[in-house]
Amino acid sequence: MNENPMLPYLGKLVEVRDLAAEIKLFRVEMLNGGGEAFRNSQPGQFAFVSAFGLGEAPFGIANACGRGPAVDFAVARLGSVTTGLHELGEGDVVGVRGPMGNWFPMDKFKGKNLIVLGGGIGGAPLRPVIQHVLDHRSDYGRLTILWAARRPDLLVFTEEYDEWRAAADTDLHLTVDVPDEKWDHNVGLITQLLEKAAPATENAVTITCGPPVMIYHTTRMLEKMGFPPIWNYVTLEARMHCGLGKCGRCNLGEKLVCVDGPVFNMVEVGDLLETYL
Amino acid sequence: MSKPNSARKRWLISQAELETWLDGLAQAQTLIAPRDISGVVLYHPVAKSDEIAAGFTRPVLSVKEVFFPPTERLLSIEKTGAEIHLNETLPEGQTTVFGVRPCDARGARLLDAVFLDTAPADPYYARRRENTTLIGLACKEMGPTCFCTSVGGAPDDPTGVDVMLYPAEGGYLAEAISDKGHALLADAGWPESVVGGAAFSGGEHFPVPEKGKWPEHFNNDYWMKMSERCLSCRACTYVCPTCRCFAVRDEVLGPGEFERIRCWDACTGENYRRVAGGHKPRAEKGERLRNRFFCKFYYYPEQYGLGSASACTGCGRCIEVCPAGVDITEVLMNLEKPA
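So the protein sequences, as listed, match chains G and E. Just so we're aligned, residue 1 is where the first sequence starts under the working numbering, counting upward by one. Just so we're aligned, residue 1001 is where the second sequence starts under the working numbering, counting upward by one.
And the structure:
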């Protein structure tokens, strides 16, 4: 971060592409010192991206630093800032503040089987986890990816599924709530997919991100299936405005998502998740 | 932050001497003091000491806006084609605030815990705080909604100011609290006093639930019941010396010219937690009001290392402004009642 933590770095958009319906991927080449700041960003960290004149909003960093130096963000067009970002193209300049927050303890996960559960655009902050595991494949056990969306056209990173499937000891399971005529995978909620895939609980760590209601029900299901809360990780989002533990907007009980998170295990936030809904 | 002055020298000054001194300060820098603006006493810039309100309990708004203005520019942004130029707009200028009540000095210290003491420090707040001298004024009596003595304060508590003034026979006893305050008073050329001020005695005192007890009150039905009268108007957070929630957004000034500002916001507001896409946690008034009380007595102390102290100064302003009669002292006493 800059010495003034409210001052963004500038970044040039080097790639903008459609990721899913109303979701774009922005690949940012950091300028004026930002490259150094993001060189060692960790899976799970986030940053604020500015559409100057409209404001800034927080987004999970969507690629592992090893896949850099450019930094990826997945942005769904929902409000004014994200609509402003969607109107930008390659060569345009955005602001980036970060990297911020804690991260998935990938070192602690070494030797464990990873179960990654992503719902919709919640898959974006999980992509660096998947990339990190694929790039350090022998450090980790089996990788099971459960990927869900409301509709097939809302699934993110579809063009990377072949890479994930081709990796050693890696499974990808897909589900949508509402299929189209071409859909030939599972239909239903991610909790149903989880029951069906029934990954082994032994030596496992689970990592979940998605809409609040998905995180809530998925983590409860995981616990019911016997996954210990201490190894059930989530990454949460809130519409924070500073990312520095000051603005007060992202509290989950006494925890601040921006500085105490966004990554938590369920021992830390299990009791507080109801207030997140 | 100003260092405490161990010697704590005292000077006896008359009302006339005080006025001359304040007039001098007002010429050298911005002087902010309680001022009657159309019947409302506010901490406000004054050009001369005769503009200072007499006989006030405490200003209607706290002193927080001196360090943390309701709206503040963070950056100016210029856009020419694809080029972006950013300019930090850090505040300039020296300010002295006269007439700071002990509850407000405490409020400033509590905001320091957020904006200065918890890394990273906020450069805008830090600059204002560093460039501001606080002259405290002890209260002769507690106002009708005041309860500072129940939350660890006192009407004559000098903690957190640079100079403390105690009303005394024929004028004031001025005490140097910080080194900065000592330098200011030593230069004034008044006779030193050997007598100390009489300590304030009395003041209502009621038990406030200890920090560790708060989690057990979380699922209490009381919150939903007591919040029925809340209008979500956010007045309580506006007047609170320690409510510090803010929003950051960009404003358009002209073609290619923008500013990034931050402005006060309130966790009791209906759309405070709403996110793009429509998801709105804490949709119920009771959940929001509970959050505010928990913030004062549990979250804020936990988040910013206050130990057993709370983030409530007992100034009573929220009681005074609530149009629906939500009374923080009533809430605290109800929580202490056996179930």
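For every residue, glycine included, the Cβ atom is placed at its ideal position computed from N, Cα and C.
Only buried fits A148 (chain G), as 16 or more other CB atoms lie within 10 angstroms of its CB.
Within the stretch 1095-1178 of chain E, complete beta strand (DSSP E) segments of at least 3 residues are found at 1095-1100, 1132-1137, 1163-1168 and 1171-1176, given in chain order. Close to chain G, meaning a Cβ-Cβ distance shorter than 8 Å, are the following residues of the stretch 1109-1125 of chain E: V1114, F1115, T1118, P1120, D1122, P1123 and Y1124. Residue pairing by DSSP places F46 (chain G) opposite G:G60 and G:M100 in a beta bridge. For M266 (chain G), not one C-beta of chain E is nearer than 9 Å to its own C-beta.
In summary, V178 (chain G) is exposed, with fewer than 16 beta-carbon neighbours lying within 10 Å of its beta-carbon over all protein chains present. Between E87 (chain G) and E15 (chain G), the C-beta gap is not smaller than 9 Å, which leaves the two residues out of contact.
DSSP places P1301 (chain E) within a helical segment (H, G or I) once states are collapsed to three. DSSP places A1026 (chain E) in the uninterrupted alpha helix (DSSP H) bounded by Q1015 to A1028. Annotation: Cβ neighbours of T275 (chain G) in chain E (cutoff 8 Å, chain order): P1281, R1282 and E1287. The stretch 1136-1154 of chain E makes contact with the stretch 1093-1108 of chain E: 3 or more CB pairs, one atom from each, lie closer than 8 Å. Below the 7 Å Cβ cutoff, chain G contributes no neighbours of D1221 (chain E), its closest Cβ being approximately 16 Å away. C1267 (chain E) is not a Cβ neighbour of V1151 (chain E), given a cutoff of 9 Å. Excluding residues up to 5 positions away in sequence, L1022, A1033, P1034, R1035, V1046, F1098 and G1099 lie with their Cβ nearer than 8 Å to the Cβ of I1052 (chain E) in the same chain. Close to D1327 (chain E), with beta-carbon spacing below 7 Å, lies no residue of chain G; the smallest spacing is near 23 Å.
Bridge partners of T1057 (chain E) according to DSSP: none are assigned.
Pairwise C-beta distances place the stretch 208-226 of chain G out of contact with the stretch 242-256 of chain G, as fewer than three of them are shorter than 8 Å. Contact between the stretch 1328-1338 of chain E and the stretch 1008-1022 of chain E is absent: fewer than 3 CB-CB pairs across the two stretches fall below 8 Å. One Cα belongs to S1178 (chain E), the other to L1185 (chain E), and the distance between them is close to 11 Å.
The DSSP-derived three-state label of M1226 (chain E) is helix.
DSSP places V71 (chain G) inside the beta strand (DSSP E), whose first and last residues are V71 to A76. Note on geometry: alpha-carbon atoms of T206 (chain G) and T1132 (chain E) lie some 51 Å from one another. Contact of G55 (chain G) with chain E by beta-carbon distance below 9 Å involves V1248, R1249, D1250 and R1260. Boundaries of the beta strand (DSSP E) around A149 (chain G): L143 to A149. The C-beta distance from A47 (chain G) to V81 (chain G) rounds to 13 Å, too long to fall under 8 Å, and the pair is not in contact.
Of the residues assessed, K1285 (chain E) falls on the buried side of the cut-off, its CB having 16 or more other CB atoms within 10 angstroms. Per the C-alpha coordinates, the member of G:C65, G:E22, G:W183 and G:A37 positioned closest to P5 (chain G) is G:A37.
Going by C-alpha positions, L1306 (chain E) is about 25 Å away from L273 (chain G).
Comparing alpha-carbon positions, the option among G:V257, G:L117, G:D107 and G:G141 lying closest to A197 (chain G) turns out to be G:L117. In the DSSP assignment, H132 (chain G) falls within the alpha helix (DSSP H) that extends over R127 to D135.
With respect to the 9 Å criterion, V28 (chain G) and G44 (chain G) are not classified as neighbours on the basis of their beta carbons. Shown here for R1273 (chain E): same chain residues with a beta carbon closer than 7 Å to its own, the five before and five after excluded, namely K1280, P1281 and R1282 in chain order. Neighbours of V93 (chain G) in chain E, taken as residues at a C-beta separation under 9 Å, are given in chain order as K1079, A1082, E1083 and I1084. Just so you know, the alpha carbons of A1108 (chain E) and D72 (chain G) end up roughly 40 Å apart. Chain E has no Cβ within less than 9 Å of the Cβ of L85 (chain G). The beta carbon of G1269 (chain E) is closer than 7 Å to those of S1232 and R1234 in its chain, skipping five residues each way along the sequence.
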